[in-house]
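Note that the protein sequences, when read in sequence, are chains G and U. 0 is the number of the first residue of the first sequence in numbering that gives the first Met the number 0; add one for each residue after it. 0 is the number of the first residue of the second sequence in numbering that gives the first Met the number 0; add one for each residue after it. Note that beta-carbon positions come from the ideal geometry of N, C-alpha and C, so glycine has one too.
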Amino acid sequence: MKLDLTEEQSMIQQMARDFAVREVEPKARELDKEGRWPTELVARMGELGLMGLAIPDQYGGAGSDTVSYALAMEEVSRACASTGVIMSVNNSLVCDPLYKFGNEDQKKRFLAPLASGKKLGCFGLTEPASGSDASHMETVAEDKGDHFIVNGAKNWITNGPHADTIVLFVASDRSLGAKGTTAVVIEKGTPGFTQNPRDHKLGIHAAHSCTVFFENVKVPKENVLGEKGMGFKIAMATLDGGRIGIASQALGIARAALEKATEYAKVRKAFGEPIANKQAIQFMLADMATELDAARLLTLRAATMKDKGVRHTKESAMAKLFASEAATRITHKAIQIHGGYGYSTEYDVERHYRDARITEIYEGTSEIQRIVIAANTLKA
Amino acid sequence: MDFDLDETASMVQASARDFANKEIVPRAASIDREGKIPRSILKDLADLGMMTLALPEELGGADVGTVAYSAALTEIARGCASTGVTMSVTNMVAEVIARFGTDAQKKQYVPKLASGALVAGSFALSEPEAGSDPGAMRTTAKRDGDHWVIDGAKQWITSGDFAGVFVVWARTGGAGTKGISCFLVEQGTPGLSVGHHEDKMGLRGSSTTALHFEGVRVPETALLGELNGGFKIAMMALDGGRIGIASQAIGIAEAALGAAVDYAKERKTFGAPIADHQGIQWMIADSRTELDAARLLTYRAAYLKESKQSFSSQAAMAKLYATEAAGRICDRALQIHGGYGYVKEYDVERYYRDVRVTRIYEGTSEIQRVVIGRGVTG
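Here's what the structure looks like:
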């Protein structure tokens, strides 16, 4: 057991913290209010290596590891959860499967520009009528020998309105269910690949998402990731990593809320003294801090397992479940400590509360995490 | 960063697990029923090095560190929580002596706690009217020539009736926490008597007694640490002790969750094992997740202690979270068992009773929150 960070991990954490505090945090409120896509921050993240942290440098990445990625995600999300998820999608859901399942040619063509931040990626799995039940998809790919013809729609596609590349999951043989799923890479501009205007959401306003459409889109076979029929496996393996990213995002949001609640409790007075002196407030802060630390340990454990290359499906699910639900409780308490001010958009905790809520839904709802954890516990 | 146990810690864990499975698990129900841990189990634990796991070898300890200690204690407590707490307190007492004692004190007591010659160590801090607030204690120690004379009463003393040595706190100065000193008192010292044996809800195999001190004379050399420096010793001991109680709670919860999983796979309702129903799966998923979170918080505190970093707030988090999670996990395990969980034929009934005290002793949940809250607000 060794729970200290390596020098490199500490350096990346510090770099991400400096970037987040200096460049992201001052803009977070405006980005949220206006629902503005942070073009300049996405570019900066690319320059800093934050868009492909765990990808080796020969493929445009920073050559670091999953622990560093989790730490950096927490720092960026602490400043702005929208900027955090833009980063998470590109790292976990796009670069990671391209690195793990892509061939050399695909890595050079697709991965390198994405990992270096020159291009932006998105992940197309969820459909209007299938979210948690991902194997029952209606987007179909007809096999035409050297290419597929893809028809269908995907929704809630984070980064969708701005992405250059999509890792898309299609039913290449609906009769086979999960085993008839294939992953393909499609670039923006391919004829028949269109999108709706962005979604309007409760939170993460600056992280634009949209529905994307495929109408007779011709996809050459060299764009198939892995092999035909491997799509579901790729999707699940990818989400095992993605859940570490979302858990880290939840940690960042929760930490921001705890820090702000602590500051407020020390200055706000009631009954002649700072409310931080009241046990009712102290106990809330104590529970928030404890849950935050537990969530971080679960997340970093999953990250170390991914780095070691051992199966971490259950551990990622635990991290995501616990961190996202803890973030909801922590941001809820942060508002409570702020009283009426917490309900006002003048104070950041209002945004944190809205932003936290999505972490219990995307990349596998809390209910899906519980299915995964229970199945793994019961079969042991 | 690496969360895996190292080779030594894994070996110690395996040794504790084997012993628990062979010698403790089969006897846990009778230990509970009869209210007594067989002396042979305590002796065997000492022989395995379990009573002084994190202590240096020159004092007879196993010197395997706090992480290994935590892992081993969890295994023992999984078998029997009463045995677990006896082991936990003995390790804590040995550590306090090793840390604050003179060379003579260390040599006199630690090797005998290690070998089992003293059977167990005991920690006498709480009083009938001073638990969370030890500054309110009334037991006094007065100087008489080259001796100290201790008078007063202690309450809730684990292993009170058979421990070979007690760490006793008594007032030697003014009011509050700055007038308290710490003494080493041997079982059988004239004037020391074991009082009422508590009839407890759980942990029934563990001895919990009152202690009466009536003119108990101990030599000057019995003073542990500095005069009037006892409160600091108590707080530092409890920082470590909390890792022990968190580990105990995790052991109880592991046992409860294991029993619940086994039962859920066998028991059928509506034509399917209840493990197939999401209502049950959710409970199991939440229990497994909370238990892992508790274990990670506890290992973190143990790791920090072992690597000589500050760990007070982290130990409080581990104790608070592990004990409260363990309470929920035992409750769900009972619920999964239905009516069978409410009867003594099934172990979960005992786990449910045993786990309750972990939120109370060695600092209540409320005290842990005070400690953590102070850490947050600075």
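Any C-beta of chain U under 8 Å from that of residue i
i, result
"K26(G)", "no"
"F282(G)", "yes"
"F321(G)", "yes"
"L268(G)", "Residue identity differs from the one stated: residue 268(G) is Lys in this sequence, not Leu. Not an interface residue."
"R300(G)", "yes"
"I334(G)", "no"
"K259(G)", "no"
"M0(G)", "yes"
"M401(G)", "No answer is possible for residue 401(G): it lies beyond the span of chain G, which begins at 0 and ends at 379."
"Q8(G)", "yes"
"R406(G)", "No answer is possible for residue 406(G): the residues shown for chain G start at 0 and end at 379."
"T289(G)", "yes"
"T303(G)", "yes"
Distance between residue j and residue i (C-alpha atoms, nearest Å)
i, j, result
"E349(G)", "E33(G)", "15 Å"
"L41(U)", "A53(U)", "17 Å"
"V184(G)", "A15(G)", "29 Å"
"K143(G)", "D1(U)", "48 Å"
"E366(G)", "G130(G)", "12 Å"
"I359(U)", "K307(G)", "39 Å"
"A252(U)", "I36(U)", "21 Å"
"Q308(U)", "V375(U)", "18 Å"
"R349(U)", "L201(G)", "47 Å"
"G60(G)", "A293(U)", "35 Å"
"V223(G)", "L97(G)", "10 Å"
"T261(G)", "S76(G)", "18 Å"
"K232(G)", "L110(G)", "19 Å"
"T65(U)", "S311(U)", "14 Å"
"M10(G)", "K118(G)", "25 Å"
"T330(G)", "G229(U)", "40 Å"
"L167(G)", "H207(G)", "18 Å"
"A45(U)", "I23(U)", "14 Å"
Contact set for residue i: own chain, Cβ-Cβ below 6 Å, skip 5 residues either direction
i, result
"A249(G)", "A322, S323, A326, T358"
"K153(G)", "G123, E126, V211"
"I273(U)", "A263, R266, I279"
"E24(G)", "A78"
"A129(U)", "A135, M136"
"H135(G)", "S129"
"I54(G)", "G60, C94, Y98, A114"
Beta carbon of residue i nearer than 8 Å to that of residue j
i, j, result
"L92(G)", "G225(G)", "no"
"L290(U)", "R300(G)", "no"
"T139(U)", "R170(U)", "yes"
"G134(U)", "G173(U)", "no"
"A300(U)", "R369(G)", "no"
"L72(U)", "A93(U)", "no"
"A315(U)", "V370(U)", "yes"
"L58(U)", "P110(U)", "yes"
Chain G within 8 Å of residue i, Cβ atoms only
i, result
"L333(U)", "no"
"Y302(U)", "yes"
"L295(U)", "yes"
"I251(U)", "no"
"L4(U)", "yes"
"V84(U)", "no"
"Y68(U)", "no"
"G372(U)", "yes"
"Q280(U)", "yes"
"K307(U)", "no"
"R16(U)", "no"
"K264(U)", "yes"
Sequence-distant residues of its chain with Cβ nearer than 7 Å to residue i (five each side left out)
i, result
"R295(G)", "L250"
"Y380(U)", "The structure shown does not extend to residue 380(U), since chain U is modelled only from 0 through 377, so no value can be given for it."
"A19(G)", "E74, V75, R77, A78"
"E258(G)", "none"
Neighbourhood of residue i by C-beta distance below 8 Å, restricted to the same chain and skipping five residues each side
i, result
"G413(G)", "The structure shown does not extend to residue 413(G), since chain G is modelled only from 0 through 379, so no value can be given for it."
"E323(U)", "R358, S364"
- Message: Between the segment 308-317 of chain G and the segment 158-166 of chain G, can you find at least three pairs of beta-carbon atoms closer than 8 Å?
- Response: A contact is defined here as three or more CB-CB pairs under 8 Å, and the segment 158-166 of chain G fails this definition with respect to the segment 308-317 of chain G.
Evaluate the contact criterion for the segment 10-17 of chain U versus the segment 229-246 of chain G: three or more CB pairs, one atom per stretch, below 8 Å. No, because fewer than three Cβ pairs between the segment 10-17 of chain U and the segment 229-246 of chain G fall closer than 8 Å, the two stretches do not touch.
| At least 3 beta-carbon pairs within less than 8 Å: the segment 331-351 of chain G vs the segment 63-70 of chain G | Judged by Cβ distances under 8 Å, the segment 331-351 of chain G makes no contact with the segment 63-70 of chain G, as fewer than three pairs qualify.
Quiz item: Do the segment 118-135 of chain U and the segment 156-169 of chain U meet, that is, are 3 or more Cβ pairs less than 8 Å apart?
Solution: Cβ pair count under 8 Å is three or more, so yes.
**Asked** Below 8 Å, can you find three or more Cβ-Cβ pairs linking the segment 85-105 of chain U to the segment 225-243 of chain U?
**Response** The count of Cβ pairs closer than 8 Å, one atom from the segment 85-105 of chain U and one from the segment 225-243 of chain U, reaches three, so the stretches are in contact.
Q. Is the segment 199-217 of chain U touching the segment 307-325 of chain U in the sense that three or more CB pairs, one from each, lie closer than 8 Å?
A. Contact fails between the segment 307-325 of chain U and the segment 199-217 of chain U, because fewer than three Cβ pairs, one in each stretch, are under 8 Å apart.
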